[in-house]
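If you read the protein sequences in the order shown, they are chains A and B.
Residue numbering for the first sequence is 1 to 164, as defined by the working numbering.
Residue numbering for the second sequence is 165 to 328, as defined by the working numbering.
Just so you know, even glycine gets a beta-carbon here, dropped at the ideal spot from N, CA and C.
Have a look at the structure below before the remarks.
Number of protein chains: 2
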Amino acid sequence: MSRLDSFIRRLEAQRACLDLAAELIGDLDGLVLELGLGNGRTYDHLRSLFPERTIYVCERRVAAHPDCVPPPEMLILGDMRETLSAAHDRFGGRVALAHLDVGTGDAAANRALAGELLPLILPLLQPGAVLASDPVFDCVGLMPLPLPNGIAPGRYHLYRRVNA
Amino acid sequence: MSRLDSFIRRLEAQRACLDLAAELIGDLDGLVLELGLGNGRTYDHLRSLFPERTIYVCERRVAAHPDCVPPPEMLILGDMRETLSAAHDRFGGRVALAHLDVGTGDAAANRALAGELLPLILPLLQPGAVLASDPVFDCVGLMPLPLPNGIAPGRYHLYRRVNA
């Protein structure tokens with residue numbers, strides 16, 4: 001499998017997980033949290049999936065396509081290790097879906113960052129909320145969910161927030 | 165359709181066109197020319213499609229994944245407007261497949277560059293050679309080929325080199 005093949009499979013898995021997550025949170029009120037804007041493609045997909053929901057976006061430094069930059073009041077600029085701590089008063093328990101893609105190309109660095117972020121993300125999620133994630137997590141507060149049809153295990157991840 | 169959707173479709177179209185091009189040149193001898201290395205994903209795909217063929221890669225400045233950097237002797241570094249002119253003595257009429265993806269995100273600049281490159285690419289192609297291309301071309305020396313099944317017109321392009 002070439003890198004082009006694996007890249008396409010990863011994007012297809014990401015999109016399928018976001019689409020399924022949208023169904024899974026259909027009965028939950030709450031906001032959507034995009035953890036990492038990047039080029040803005042998944043933010044744009046989230047906008048199309050959730051036209052009625054509030055979507056906040058965390059990003060260190062905006063470098064997205066101009067069409068995919070969130071309005072300033074929905075943008076939480078800075079290092080997520082700091083901004084997510086500070087966001088607890090605003091968002092604690094109010095998030096219905098969080099999406100975390102810390103893909104920097106450095107797998108070890110991604111895992112380390114994801115591990116640092118998880119304890120900051122968990123308290124933001126309401127019970128029953130969904131976390132769609134590139135990194136894998138093993139955590140009592142997160143129950144792994146079955147992936148969409150046709151998506152191989154490990155290609156992307158879906159979790160339900162449960163009581164620890 | 166979100167930007168994530170359209171990006172996936174574009175990559176799927178690109179891959180399908182390269183796969184079909186590999187079939188189309190099955191009976192032709194000749195080398196493969198990757199015009200633009202970028203992150204190296206399509207180069208890696210070409211390597212997997214053509215393990216027996218010589219693949220040359222033109223790129224201004226290598227910024228690919230380390231696993232996808234061609235050996236130095238297969239890399240033609242510099243502005244393609246200059247290097248392709250200079251390559252004529254080496255490759256003229258010897259290329260069986262060229263792949264051109266000048267995707268810089270700026271559609272007008274891409275079209276302008278593609279227009280400048282086309283007269284330099286054409287003499288490198290042997291009769292019957294295939295050009296897979298992101299930009300569209302309208303040129304008597306290139307006959308548009310049907311796209312692979314399921315790929316919508318205009319999403320990517322395939323041409324056969326014919327006598328003008």
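{"Item": "Mind pulling the beta strand (DSSP E) runs of 3 or more residues that sit fully within the region 171-237 of chain B?", "Value": "195-199, 219-223"}
{"Item": "With a 10 Å radius around its C-beta and 16 neighbouring C-beta atoms as the bar for buried, classify A:Leu158 as buried or exposed.", "Value": "buried"}
{"Item": "Taking C-beta pairs closer than 9 Å, name the residues in chain B that A:Leu11 reaches, listed in chain order.", "Value": "Leu168, Phe171, Ile172, Leu175"}
{"Item": "Got a sec, what are the start and stop residues for the alpha helix (DSSP H) B:Gly292 sits in?", "Value": "Looking at the DSSP string, B:Gly292 is not in any alpha helix (DSSP H); the run it does join, the beta strand (DSSP E), is 289-297."}
{"Item": "Any idea which residues DSSP pairs A:Tyr156 with across the strands?", "Value": "In the DSSP output, where bridge partners are listed per residue, A:Tyr156 has none listed."}
{"Item": "Using a Cβ-Cβ cut-off of less than 8 Å, list which residues of the region 65-95 of chain A approach chain B; keep chain order.", "Value": "His65, Asp67, Cys68"}
{"Item": "Given a threshold of 16 other Cβ atoms within 10 Å of its Cβ, counted over all protein chains shown, does B:Val266 qualify as buried or as exposed?", "Value": "buried"}
{"Item": "Alpha carbon to alpha carbon, how far is A:Arg10 from A:Glu82? Give it in angstroms, no decimals.", "Value": "29 Å"}
{"Item": "Please report the straight-line C-alpha distance between B:Arg324 and B:Ala185, rounded to a whole angstrom.", "Value": "10 Å"}
{"Item": "Mapping DSSP to helix, strand and coil, what is B:Pro308?", "Value": "strand"}
{"Item": "By the 10 Å Cβ neighbour count, where 16 or more other Cβ atoms means buried, how is A:Arg111 classified, buried or exposed?", "Value": "exposed"}
{"Item": "Could you check which residue in B:Gln178, B:Asn203, B:Leu192, B:Leu311 has the C-alpha nearest to that of B:Cys222?", "Value": "B:Asn203"}
{"Item": "Along the region 33-48 of chain A, where does the CB come closer than 9 Å to a CB of chain B? Name the residues.", "Value": "Asn39, Gly40, Arg41, Thr42, Tyr43, Asp44, His45, Leu46, Arg47, Ser48"}
{"Item": "Does DSSP put B:Arg245 in a helix, a strand or coil?", "Value": "helix"}
{"Item": "Thinking B:Gly194 and B:Ala293 are a contact (beta carbons under 8 Å), I'd like their distance in whole angstroms, please.", "Value": "7 Å"}
{"Item": "Is it true that the region 118-127 of chain A meets the region 80-97 of chain A, where meeting means three or more beta-carbon pairs spaced less than 8 Å apart?", "Value": "yes"}
{"Item": "Within 8 Å of any Cβ in chain B, is that where the Cβ of A:Arg53 sits?", "Value": "no"}
{"Item": "So, using beta-carbon positions, are A:Ala109 and A:Pro135 closer together than 8 Å?", "Value": "no"}
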